[in-house]
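Peer 1: Starting off with a structure, shown below.
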Amino acid sequence: MKHLLITISILLFISGCETTDDADNSEVFNTLLGSWGHAIPPSYCVEIYVFESNGNWSAASLDEISAGNFTLNENASTERHSLTMSITYDNGLSDCLGVSSIDTGSSGTIYIEFPDPNTMEWYLYSTDSTPSATLTKGSSNP
């Protein structure tokens, strides 16, 4: 009985501990939530991405509408985090790059950083030094 009480006490102590990393992680997740836009040259067609707290995302790019779910893997040792997006719906119409394809069922991982709460940078690889896209929060005309 004494061993059981000690074990329960240790488990309660461990489960009650909160680390700074957990607090930082929820801040990164909360920063991701909302509407993000960027213009794609040369036409400067605007793509809009919306990330929701339930893990769903949606996007509009010219005539293309797509949606799916996402997983954010936060990296406590760096400002760059991995974002995996799975596509569960794609209407197959033309996007800002002129591509018409149905991408339903595909997924991909990008790496993101937030230089400030209203700017998100996308990197194709975790080691890239230049972002492939820079998105602005809450704006359809970044």
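Heads up: take any position in the sequence shown, counting from 1, add 427, and you land on the numbering used here. Even glycine gets a Cβ: it sits at the ideal position worked out from N, Cα and C. From a predicted model like this one, the values you see are computed outputs, not experimental measurements.
Going by beta carbon distance, what residues of the same chain come within less than 6 Å of residue 498, once the five residues before and after it are set aside?
Peer 2: Residue 498 sits at position 71 when you count from the first residue of the sequence shown. Closer than 6 Å at the Cβ level, and outside the excluded window around residue 498, lie 511.
Peer 1: Tell me the residue span of the alpha helix (DSSP H) that contains residue 493.
Peer 2: To locate residue 493, count along the sequence shown from 1; it is residue 66. Segment 491 to 500 is the beta strand (DSSP E) holding residue 493; no alpha helix (DSSP H) there.
Peer 1: Give me, in chain order, the residues of the same chain whose beta-carbon lies closer than 8 Å to that of residue 556; leave out the 5 immediate sequence neighbours on both sides.
Peer 2: Residue numbering aside, residue 556 sits at position 129 when the sequence shown is read from its first letter. The answer is none, since no qualifying residue turns up.
Peer 1: Flag this pair as touching only if the stretch 541 to 558 and the stretch 515 to 527 have three or more C-beta atom pairs under 8 Å; answer yes or no.
Peer 2: They do not touch, by the three-pair rule.
Peer 1: Using only the alpha-carbon positions, how far apart do residue 449 and residue 502 sit?
Peer 2: Reading the sequence shown from its first residue, position 22 is the one you call residue 449. Reading the sequence shown from its first residue, position 75 is the one you call residue 502. Per-residue confidence for residue 449 stands at a pLDDT of 41, beneath the threshold of 50, marking its modelled position as unreliable; no derived number is given.
Peer 1: Starting from residue 548, follow the beta strand (DSSP E) in both directions and report where the run begins and ends.
Peer 2: Translated into the one-based positions of the sequence shown, residue 548 becomes position 121. Segment 546 to 550, the beta strand (DSSP E) holding residue 548.
Peer 1: Compute the Euclidean distance between the alpha carbons of residue 459 and residue 528, then round it to the nearest angstrom.
Peer 2: Against the sequence shown, residue 459 aligns to sequence position 32. Against the sequence shown, residue 528 aligns to sequence position 101. The alpha-carbon atoms of residue 459 and residue 528 are separated by roughly 27 Å.
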